[in-house]
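Please read the structure below before turning to the comments.
In this note's numbering, the protein residues as written are 55 to 632.
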């Protein structure tokens with residue numbers, strides 16, 4: 055029998071190599087030789103990887119303190135997923151709130167954020183509301199710095215902000231005191247609010263004013279460290295081959311999540327995911343590089359979740375849009391058994407989780423696909439509210455039929471046509487009967503302006519986001535508008551033309567990766583900062599964990615911790631090359 059010293063050399067090499075890759079204590083990754091000579095092709099004080107909200111904020115905060123900064127962007131253009139977004143950033147106690155006399159006290163705000171981010175841990179009677187010290191410190195750092203980061207960007211004329219008075223996503227819990235005014239948006243020159251493209255445009259102008267070099271089509275492939283393990287630069291790949299970028303003080307990663315890495319999604323995400331809104335270059339680069347550098351990983355099961363039109367995701371896993379809130383009032387979502395399973399008007403992040411429900415008896419995800427069922431009234435009155443087509447526009451993902459039985463056959467035919475890509479999915483034999491009973495129940499409630507199944511329209515988020523943003527009624531139809539006390543529900547005409555759109559789970563992006571501290575420093579597997587390495591945005595373990603506090607809950611932390619990362623990187627001492 056072999057003792058531990060008798061492990062064959064081939065297996066020993068495998069164990070050591072694997073442990074080093076995973077950053078396991080006791081198998082430290084070999085530090086570069088002190089005599090190694092590096093031929094840096096470019097040099098800066100701070101190198102930033104990624105050019106979305108987090109990366110741009112980091113670059114500007116570092117440059118504003120006199121540092122030479124270089125930005126490395128994998129894609130052909132800057133902006134990342136931020137440029138595709140609606141551009142909101144959720145900022146507690148922001149300057150516009152304060153100017154309006156709206157109080158957002160620290161204890162109340164943190165309590166709300168903990169309640170949303172860690173519902174299983176939340177405790178009313180605990181000093182940290184039930185979470186650990188590190189989790190609390192990250193949320194506290196967000197409250198303490200978010201408003202200041204936005205004000206700093208505004209003071210340097212990098213980002214102008216305005217607000218919208220729409221409710222937060224968990225609108226009705228007692229812990230959410232202000233509930234409104236935390237949502238900021240980039241303010242255009244005409245005074246109106248802009249989207250993510252406008253956010254990137256404003257930040258980019260300041261980037262250019264600082265003459266910050268941006269290397270597009272360059273991907274970070276290795277974190278360079280000296281003999282003391284300090285981060286001193288990057289190896290990057292481009293069409294011209296590999297080159298070395300020196301970062302005398304620090305490297306900031308803001309390179310996006312792993313939405314478009316199928317292996318990571320399969321191994322870390324909790325259920326079937328079909329793609330997402332993230333740009334195609336979000337392939338988890340910092341997860342791999344972080345592991346190689348000895349970083350601790352966290353929140354790998356997390357994501358900013360979103361429902362997608364299945365057939366759009368099958369065409370391209372990087373979809374143009376998600377289904378923020380299914381539009382219309384004479385509309386419901388049902389599963390393969392013809393049953394409603396969710397309040398259709400709740401926010402996308404929470405609503406999408408219903409797709410991951412697992413049936414241990416049938417060993418299946420009964421809600422893997424949901425079917426958005428609606429009638430002619432919703433098709434015309436709410437036309438143009440995505441994913442409903444504009445008037446006269448025919449979208450191939452819309453399935454139409456006359457009556458429920460015919461619609462069941464049409465849906466099954468469509469599923470069969472995609473079987474090679476989605477597997478064999480069969481609607482329940484009683485789908486038509488169950489859907490008929492479901493519609494009857496919904497219609498009975500709608501006649502009284504209620505939804506006793508899922509409380510649709512009971513709370514402000516449902517009605518306000520429905521009426522103001524996601525289900526704008528057209529004025530060029532003969533259909534009567536819904537003027538009841540509950541604008542989210544209306545009887546479905548089950549005997550007329552009916553339509554279905556297949557929805558599936560996806561992400562805006564994932565939000566797990568290397569763990570940071572309150573200063574945005576990346577931590578190793580012992581919880582110690584890795585010298586010279588910072589992170590922000592969707593490439594790290596999100597300080598929000600599973601919580602989506604309100605519209606802009608992704609970009610708010612990205613801007614804030616990106617800004618903090620830039621500050622921290624600025625304060626780092628210059629490091630020796632060897």
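Note that beta-carbon positions come from the ideal geometry of N, C-alpha and C, so glycine has one too.
{"Item": "Inter-residue Cα distance where the pair is residue 170 and residue 95", "Value": "46 Å"}
{"Item": "Runs of beta strand (DSSP E) wholly within the region 341 to 407 (minimum 3 residues, chain order)", "Value": "357 to 363, 385 to 388"}
{"Item": "Top-ranked residue by Cα proximity to residue 197, from 206, 160, 229, 184", "Value": "160"}
{"Item": "Exposure of residue 409, with buried meaning 16 or more beta-carbon neighbours within 10 Å", "Value": "buried"}
{"Item": "CB contact flag (residue 307, residue 336, <9 Å)", "Value": "no"}
{"Item": "Residues that residue 570 bridges to, as DSSP identifies them", "Value": "576"}
{"Item": "Beta-carbon proximity of residue 16 to residue 363, cut-off 9 Å", "Value": "A question about residue 16 goes unanswered here, because the residues of the chain that appear run from 55 up to 632."}
{"Item": "Extent of the continuous alpha helix (DSSP H) run through residue 612", "Value": "609 to 624"}
{"Item": "Residues that DSSP places opposite residue 453 in a beta bridge", "Value": "554"}
{"Item": "Exposure of residue 235, with buried meaning 16 or more beta-carbon neighbours within 10 Å", "Value": "buried"}
{"Item": "CA nearest to the CA of residue 624, picked from 118, 396, 444", "Value": "118"}
{"Item": "Given 8 Å, three or more beta-carbon pairs between the region 551 to 563 and the region 266 to 283", "Value": "no"}
{"Item": "Sub-9 Å separation of residue 497 and residue 383 beta-carbons", "Value": "no"}
{"Item": "C-beta atoms of residue 381 and residue 539 nearer than 9 Å", "Value": "no"}
{"Item": "Alpha helix (DSSP H) segment containing residue 460, residue limits", "Value": "458 to 471"}
{"Item": "Beta-carbon separation (whole angstroms), residue 268 vs residue 127, contact threshold 8 Å", "Value": "6 Å"}
{"Item": "Buried/exposed call for residue 522, threshold 16 Cβ in 10 Å", "Value": "exposed"}
{"Item": "Contact the region 194 to 211 vs the region 603 to 614: 3+ CB pairs below 8 Å", "Value": "yes"}
{"Item": "From 185, 225, 251, 223, residue whose alpha carbon lies closest to that of residue 213", "Value": "251"}
{"Item": "Integer-rounded CB distance, given that residue 92 should sit under 8 Å from residue 343", "Value": "That belief does not hold up - the Cβ atoms of residue 343 and residue 92 are roughly 17 Å apart, past 8 Å."}
{"Item": "Residues near residue 622 by beta carbon distance below 8 Å, same chain, minus five either side", "Value": "304, 573, 574, 575, 588"}
{"Item": "CA-to-CA distance, residue 565 to residue 599, given in whole angstroms", "Value": "8 Å"}
{"Item": "Cβ-based burial, residue 502 [other Cβ within 10 Å; buried from 16]", "Value": "exposed"}
{"Item": "Pair within 9 Å by beta-carbon distance, residue 341 and residue 567", "Value": "yes"}
{"Item": "Any 3 or more C-beta pairs closer than 8 Å across the region 129 to 148 and the region 169 to 184", "Value": "no"}
{"Item": "Reduced DSSP category for residue 527 - H, G, I as helix; E, B as strand; rest coil", "Value": "coil"}
{"Item": "Proximity of residue 356 and residue 106 at Cβ, strictly below 9 Å", "Value": "no"}
{"Item": "From 480, 513, 258, residue whose alpha carbon lies closest to that of residue 220", "Value": "513"}
{"Item": "Expected contact under 8 Å - CB spacing of residue 606 and residue 144 to nearest Å", "Value": "4 Å"}
{"Item": "Separation of residue 400 from residue 452, as counted between CA atoms", "Value": "23 Å"}
{"Item": "Ranges of the alpha helix (DSSP H) found wholly within the region 245 to 279, counting only runs of at least 4", "Value": "250 to 263"}
{"Item": "The region 178 to 187 / the region 235 to 249 touching (three or more Cβ pairs under 8 Å)", "Value": "no"}
{"Item": "Which of helix, strand or coil DSSP assigns to residue 496", "Value": "helix"}
{"Item": "9 Å Cβ cutoff met for residue 528 and residue 626", "Value": "no"}
{"Item": "Separation of residue 125 from residue 291, as counted between CA atoms", "Value": "14 Å"}
{"Item": "9 Å Cβ cutoff met for residue 693 and residue 597", "Value": "Nothing about residue 693 can be read from this structure; the chain reaches only from 55 to 632."}
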